[in-house]
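Peer 1: For the protein sequence lines, the chains are X and Z, in the order given.
Numbered according to our numbering, the first sequence spans residues 1 to 294.
Numbered according to our numbering, the second sequence spans residues 1 to 383.
The structure follows.
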Amino acid sequence: MNQAILEQKHPMDAYLREDRIPHIWCPGCGLGIILHSFLRGLLKSGLPLDKVAVVSGIGCTGRAAGYVKLDSFHTTHGRAIPFATGLKLAKPELKVVVFSGDGDLVAIGGNHLIHAARRNVDMTVICVNNFNYGMTGGQLGPTTPLMARTPTSPYGNPEPPFNIPYLVAASGAVYVARWTAMHVRWLEKSVSEALLKRGFSLVEVISPCPTVYGNMNRQPTGLDQMRYYREKSVVRNGANPKNVDISLNGEIIVGKFVDIERPTFSDRQEEITRRIFAPELPERDTSQQEATEV
Amino acid sequence: MTKSKPLTGEFFMNGDVACAEGAISAGCRFFAGYPITPATEIAERMSLRLPRVGGIYTQMEDEMASMNAILGASWAGVKAMTATSGPGFSLMMENLGLGIMLETPCVVVNMQRAGPSTGLPTLVGQGDMMQARWGSHGCYGIIALSPSSPQEIYELTIKAFNLSEKYRTPVLIMSDEVVGHMSEKVVIPPPEGITLFPRRKPNVPPEQYLPYAPDADLVPPMANAGEGYRFHVTGLTHDERGYPVMNAEAQDKLVRRLVQKIERNKEDIIQIDEDGVDGADVVVCSYGISARVSQFAVERARQEGIRTGMLKLVTVWPFPEERIRKLARRVKAFVVPEINYGQIALEVERCAGGAADTVLVPHMGGSIHRPESILDAIRKAAR
Numbered sequence: 001m002n003q004a005i006l007e008q009k010h011p012m013d014a015y016l017r018e019d020r021i022p023h024i025w026c027p028g029c030g031l032g033i034i035l036h037s038f039l040r041g042l043l044k045s046g047l048p049l050d051k052v053a054v055v056s057g058i059g060c061t062g063r064a065a066g067y068v069k070l071d072s073f074h075t076t077h078g079r080a081i082p083f084a085t086g087l088k089l090a091k092p093e094l095k096v097v098v099f100s101g102d103g104d105l106v107a108i109g110g111n112h113l114i115h116a117a118r119r120n121v122d123m124t125v126i127c128v129n130n131f132n133y134g135m136t137g138g139q140l141g142p143t144t145p146l147m148a149r150t151p152t153s154p155y156g157n158p159e160p161p162f163n164i165p166y167l168v169a170a171s172g173a174v175y176v177a178r179w180t181a182m183h184v185r186w187l188e189k190s191v192s193e194a195l196l197k198r199g200f201s202l203v204e205v206i207s208p209c210p211t212v213y214g215n216m217n218r219q220p221t222g223l224d225q226m227r228y229y230r231e232k233s234v235v236r237n238g239a240n241p242k243n244v245d246i247s248l249n250g251e252i253i254v255g256k257f258v259d260i261e262r263p264t265f266s267d268r269q270e271e272i273t274r275r276i277f278a279p280e281l282p283e284r285d286t287s288q289q290e291a292t293e294v
Numbered sequence: 001m002t003k004s005k006p007l008t009g010e011f012f013m014n015g016d017v018a019c020a021e022g023a024i025s026a027g028c029r030f031f032a033g034y035p036i037t038p039a040t041e042i043a044e045r046m047s048l049r050l051p052r053v054g055g056i057y058t059q060m061e062d063e064m065a066s067m068n069a070i071l072g073a074s075w076a077g078v079k080a081m082t083a084t085s086g087p088g089f090s091l092m093m094e095n096l097g098l099g100i101m102l103e104t105p106c107v108v109v110n111m112q113r114a115g116p117s118t119g120l121p122t123l124v125g126q127g128d129m130m131q132a133r134w135g136s137h138g139c140y141g142i143i144a145l146s147p148s149s150p151q152e153i154y155e156l157t158i159k160a161f162n163l164s165e166k167y168r169t170p171v172l173i174m175s176d177e178v179v180g181h182m183s184e185k186v187v188i189p190p191p192e193g194i195t196l197f198p199r200r201k202p203n204v205p206p207e208q209y210l211p212y213a214p215d216a217d218l219v220p221p222m223a224n225a226g227e228g229y230r231f232h233v234t235g236l237t238h239d240e241r242g243y244p245v246m247n248a249e250a251q252d253k254l255v256r257r258l259v260q261k262i263e264r265n266k267e268d269i270i271q272i273d274e275d276g277v278d279g280a281d282v283v284v285c286s287y288g289i290s291a292r293v294s295q296f297a298v299e300r301a302r303q304e305g306i307r308t309g310m311l312k313l314v315t316v317w318p319f320p321e322e323r324i325r326k327l328a329r330r331v332k333a334f335v336v337p338e339i340n341y342g343q344i345a346l347e348v349e350r351c352a353g354g355a356a357d358t359v360l361v362p363h364m365g366g367s368i369h370r371p372e373s374i375l376d377a378i379r380k381a382a383r
């Protein structure tokens, strides 16, 4: 490789674990671009970096936690959100980010995803959706478009996919956006908005995965997939999440879909605790009595 | 924030409530759980008490989430606990492994009921003892304590938190339905009478901090999230930096340390209660509620002139191998009553190594042993 390139510093080097580069991601993968946009969005938000924690699950995207120079946790498959919930509730001053993939968050972790949205736990989820399980070799997942070919759907996927923005909006998320790896500036902006939003925010990012998924679905390079995003994505801010389904090589509606206000889980817990001790709402301390009543 | 006064004095409470109070005395300020009989009263008690002492109670969507939430809370620097029974314990195995791999202090309570599967809700069992040792995949060391009474579960819950901080590991309380639901006198000392082991904090600046560089006792100091250390930890095999390393050497180094940090500190960890073991021909070795039933049988056997000792395993894991090995050289037999088809008996037999007999007194669960069954076993073993 050209020596000049090797010596040049990446603008995000200060926020990455340089000693862990090169990363594991394939040529043509969108994760490097998305991680870069995430870091730019994070810096733009102005949040103190010592108070930001990144939690990942398992999969290609799950490796992101290992590359950022922040407090970061690479947890088990699907469980990043409940881990992040404990972290956030126990230390409210932290900004907790879950950075993980579609299979991790929506399949094995799907239950945790909807419950965190329902509770409105104050966290930001970056959900990178590459339509398949990349790390294990491209098998179908809950976001694989209908009829797409994968190593476990060689004749076409018979399952309709989850529409992630609709799923989390219906569950109670206060901020929901979707972009692709081509929309780097919009993505950066959405990341910083989501990070500054109190409550459960989710940014879905559609990402190229040329190695197997693209290859089996007539987009064999990362560039082919980026061209597809350019040609077929439509920015529609404020679109009803119900109407943003994704079909095989069809239109991708992107934009900010949800931005509402709702008390967070911690707000409600604090309110309840305040009422326990509020003089105007005298509450009997029953602990001494309860102990003997059992 | 306003807080209630610490609970101190003498109370009549059940084992579940005593467990919750032990956690609060130990400084536990985060509980995540999922309702399951016979552990539900622990969650109920924590939901009542934690908001009053500045803590957080949260009910999660399942036991996998509960286990993860307490790991997250522990990394935030807050002592954390969950409580469950067999079916939930099975679900927790996945992230118990994460807790062990990340070396995360926390306490997991299993109020055992009879299985397999849904089994007998909610009648007693002790069938999860081997699961406690080996239930999560891979090789590791584990600490498990087994209380026999509400007072003991109160005390052992405090001990469990102390051990978890000292050895940076999840600690299991392997209790059972009968202990959980029996009500007895519980004495709660004033806070100044309770010794707590504080978290082992790093004493180097953040840029020099290695999350998995162990002290001499093989346990690494632990930074919490949000303190400026900017550490990375992973469930993958990792080096002292916490970075993934995918080779046999890193695996060897890490797994040996995870096992040995418990093994090498066994003397400090293991607690056994012995009664009349010296000079005994037969030693009854039991734990949890079965140890209490055994005590009755032991006293009856002594009245019949059989020299009988009682060895109660307060710590079940790590197992007191040396003690059993030594006793095996001079006793005739060990009698092991347990509410399963033989789990801890296998350990006793292994340690006895043929030098003394091991007589299992199995009971499939749904009730505790009848003392007569244990007494019969003692009589036969003494012959």
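Backbone N, C-alpha and C fix where the C-beta goes; we use that ideal spot for every residue, glycine too.
Which residues in the same chain have their Cβ closer than 7 Å to the Cβ of Z:A381, if we skip the five residues on either side of it in sequence?
Peer 2: Here residue 381 of chain Z is taken as the residue at index 381 of the second sequence, counted from 1. Around Z:A381: V282, K332, A333, V335, D357 and V359.
Peer 1: With distances taken between CB atoms, is the gap from X:V191 to X:F73 smaller than 8 Å?
Peer 2: Sequence index remark: in the first sequence, residue 191 of chain X carries index 191 (1-based). Sequence index remark: in the first sequence, residue 73 of chain X carries index 73 (1-based). No.
Peer 1: Assign Z:D176 to buried or exposed, taking buried as 16 or more other Cβ atoms, counted over all protein chains shown, within 10 Å of its Cβ.
Peer 2: Position 176 of the second sequence, counting from 1, holds the residue named residue 176 of chain Z. Answer is buried; the Cβ neighbour count reaches 16.
Peer 1: Comparing the C-beta of Z:L96 with each C-beta of chain X, is any distance below 8 Å?
Peer 2: Against the second sequence, residue 96 of chain Z aligns to sequence position 96. So no, Z:L96 is outside the interface.
Peer 1: Enumerate, from N- to C-terminal direction, the unbroken alpha helix (DSSP H) stretches of 4 or more residues contained entirely within the segment 210-283 of chain Z.
Peer 2: If we require 4 residues or more, the alpha helix (DSSP H) runs fully inside the segment 210-283 of chain Z come out as 248-263 and 266-269.
Peer 1: Three-state secondary structure (DSSP) at Z:A114?
Peer 2: As a first step, residue 114 of chain Z is located in the second sequence; it is residue number 114 there, counting from the start. Reduced to three states, the DSSP call for Z:A114 is strand.
Peer 1: Measuring straight from C-alpha to C-alpha, what distance separates Z:R302 and Z:V277?
Peer 2: The residue labelled residue 302 of chain Z in the question sits at position 302 within the second sequence. The residue labelled residue 277 of chain Z in the question sits at position 277 within the second sequence. Near 12 Å, if we compare the C-alpha coordinates of Z:V277 and Z:R302.
Peer 1: Roughly how many whole angstroms lie between the Cα atoms of Z:C19 and Z:I153?
Peer 2: For the purposes of this step, residue 19 of chain Z is identified with residue 19 of the second sequence, where counting begins at 1. For the purposes of this step, residue 153 of chain Z is identified with residue 153 of the second sequence, where counting begins at 1. Computed Cα separation, rounded: 5 Å.
Peer 1: Expressed to the nearest angstrom, what Euclidean distance is found between the alpha-carbon atoms of X:E18 and Z:S148?
Peer 2: By 1-based counting over the first sequence, the position of residue 18 of chain X is 18. By 1-based counting over the second sequence, the position of residue 148 of chain Z is 148. Straight-line Cα distance between these residues: approximately 53 Å.
Peer 1: Compare the beta carbon distance of X:V55 and X:V106 with 8 Å and say whether it is the shorter of the two.
Peer 2: Here residue 55 of chain X corresponds to residue number 55 of the first sequence, with the count starting at 1. Here residue 106 of chain X corresponds to residue number 106 of the first sequence, with the count starting at 1. Against a cut-off of 8 Å, the Cβ pair of X:V106 and X:V55 comes out as no contact.
Peer 1: Cβ closer than 9 Å: which chain Z residues qualify as neighbours of X:N111?
Peer 2: As a working note, residue 111 of chain X is residue 111 in the first sequence. Those are E61, D62, M64 and A65, listed as they occur along chain Z.
Peer 1: Determine the burial state of Z:M46: buried for a count of at least 16 other Cβ atoms within 10 Å of its Cβ, exposed for fewer.
Peer 2: Stepping through the second sequence from its first residue, residue 46 of chain Z is reached at position 46. Buried, since its Cβ has 16 or more Cβ neighbours within 10 Å.
Peer 1: Starting from Z:I289, trace the alpha helix (DSSP H) in both directions and tell me its first and last residue.
Peer 2: Residue 289 of chain Z sits at position 289 when you count from the first residue of the second sequence. Its alpha helix (DSSP H) spans residues G288 to Q303.
Peer 1: Have a look at X:Y133, X:A148 and X:T76 and flag the residue whose alpha-carbon is nearest the alpha-carbon of X:N217.
Peer 2: Taking the first residue of the first sequence as position 1, residue 217 of chain X is located at position 217. Checked all of X:Y133, X:A148 and X:T76; the closest Cα to X:N217 is X:A148.
Peer 1: Using a Cβ cut-off of 8 Å (strictly closer), state whether Z:R230 contacts chain X.
Peer 2: As a position in the second sequence, residue 230 of chain Z is number 230, starting the count at 1. It does; some Cβ of chain X falls within 8 Å.
Peer 1: At a Cβ cut of 8 Å, what residues of the segment 95-123 of chain X count as close to chain Z, listed as they run along the chain?
Peer 2: If the cut-off is 8 Å between Cβ atoms, the segment 95-123 of chain X has N111, H112 and H115 near chain Z.
Peer 1: Would you mind working out which of Z:I378, Z:G9 and Z:R379 sits nearest Z:G193, comparing C-alpha positions?
Peer 2: The count along the second sequence starts at 1 and reaches residue 193 of chain Z at position 193. For the residues Z:I378, Z:G9 and Z:R379, the minimum Cα distance to Z:G193 belongs to Z:G9.
Peer 1: Where Z:V284 and Z:I270 are concerned, what is the direct C-alpha to C-alpha distance, given to the nearest angstrom?
Peer 2: By 1-based counting over the second sequence, the position of residue 284 of chain Z is 284. By 1-based counting over the second sequence, the position of residue 270 of chain Z is 270. Approximately 18 Å, taken between the alpha carbons.
Peer 1: So what does X:V54 bridge to, in DSSP terms?
Peer 2: By 1-based counting over the first sequence, the position of residue 54 of chain X is 54. Its beta-bridge partners are X:S72 and X:V97.
Peer 1: Against chain Z, with Cβ distances strictly below 8 Å, would X:P82 count as a contact?
Peer 2: Working through the first sequence from its first residue, we reach residue 82 of chain X at position 82. Yes, contact with chain Z.
Peer 1: What residue ranges within the segment 89-171 of chain Z form continuous alpha helix (DSSP H) runs of no fewer than 4 residues, ordered along the chain?
Peer 2: Counting whole runs of 4 or more residues, the segment 89-171 of chain Z contains the alpha helix (DSSP H) stretches 129-134 and 150-167.
Peer 1: Tell me which same chain residues have a C-beta within less than 6 Å of the C-beta of Z:M81, skipping the five on either side of it?
Peer 2: Within the second sequence, the letter at position 81 stands for residue 81 of chain Z. Correct list, in chain order: A23, C28, F31 and V107.
Peer 1: Any Cβ of chain X within less than 8 Å of the Cβ of Z:I70?
Peer 2: Taking the first residue of the second sequence as 1, we reach residue 70 of chain Z at position 70. Taking Cβ atoms only, chain X reaches closer than 8 Å to Z:I70, which makes this a yes.
Peer 1: Can you list the beta strand (DSSP E) stretches of 3 or more residues lying completely in the segment 203-262 of chain X, in chain order?
Peer 2: Whole beta strand (DSSP E) segments, 3+ residues: 233-235 and 252-259.
Peer 1: Any C-beta of chain X sitting closer than 8 Å to the C-beta of Z:L196?
Peer 2: Working through the second sequence from its first residue, we reach residue 196 of chain Z at position 196. With 8 Å as the cut-off, Z:L196 does not count as an interface residue toward chain X.
Peer 1: Are Z:I188 and Z:F11 close, meaning C-beta to C-beta below 8 Å?
Peer 2: As a first step, residue 188 of chain Z must be located in the second sequence, where it is residue number 188. As a first step, residue 11 of chain Z must be located in the second sequence, where it is residue number 11. Against a cut-off of 8 Å, the Cβ pair of Z:F11 and Z:I188 comes out as a contact.
Peer 1: Could you check what DSSP says for Z:S85 in three-state terms: helix, strand or coil?
Peer 2: Here residue 85 of chain Z is taken as the residue at index 85 of the second sequence, counted from 1. Coil, per DSSP.
Peer 1: Using the C-alpha atoms, what's the distance from X:G86 back to Z:I70?
Peer 2: The residue you call residue 70 of chain Z lines up with position 70 of the second sequence. The residue you call residue 86 of chain X lines up with position 86 of the first sequence. Those two C-alpha atoms are separated by around 6 Å.
Peer 1: For X:F73, decide whether its Cβ has a neighbour in chain Z, counting only Cβ atoms nearer than 8 Å.
Peer 2: For the purposes of this step, residue 73 of chain X is taken as the residue at position 73 of the first sequence. For X:F73, the answer is yes, since a Cβ of chain Z falls inside 8 Å of its Cβ.
Peer 1: At 3 residues or longer, and completely inside the segment 30-77 of chain Z: list those beta strand (DSSP E) runs for me, N to C.
Peer 2: Runs of the beta strand (DSSP E) inside the segment 30-77 of chain Z: 30-33 and 56-59.
Peer 1: Assign X:R275 to one of three DSSP states: helix, strand, or coil.
Peer 2: One-based indexing of the first sequence puts residue 275 of chain X at position 275. If DSSP states are grouped into helix, strand and coil, X:R275 belongs with the helices.
Peer 1: Using a C-beta cutoff of 8 Å, does X:G20 count as contacting chain Z?
Peer 2: As a working note, residue 20 of chain X is residue 20 in the first sequence. Strictly speaking, residue 20 of chain X in this sequence is Arg, with Gly absent from that position. By this cut-off, X:R20 is an interface position.
Peer 1: For X:R178, which beta-bridge partners are listed by DSSP?
Peer 2: In the first sequence, the residue the question calls residue 178 of chain X occupies position 178. X:E204 and X:G255.
Peer 1: Just how far apart, CA to CA, sit X:E293 and X:V254?
Peer 2: Here the question's residue 293 of chain X lines up with position 293 in the first sequence. Here the question's residue 254 of chain X lines up with position 254 in the first sequence. Residue placement at X:E293 is poorly supported in this model, since its pLDDT is 40, which falls under 50; the coordinates still yield a value, given next. Approximately 58 Å, taken between the alpha carbons.
Peer 1: Say whether chain X places a C-beta atom closer than 8 Å to the C-beta of Z:I142.
Peer 2: Position 142 of the second sequence, counted from the first residue, corresponds to residue 142 of chain Z. Not closer than 8 Å to any Cβ of chain X, the Cβ of Z:I142 fails to qualify, so no.
Peer 1: Using a Cβ-Cβ cutoff of less than 8 Å, which residues in the same chain neighbour X:G59 once the five nearest sequence positions on both sides are dropped?
Peer 2: Against the first sequence, residue 59 of chain X aligns to sequence position 59. H77, S100, G101, G103, D104, Y133, G134 and M135, listed in sequence order.
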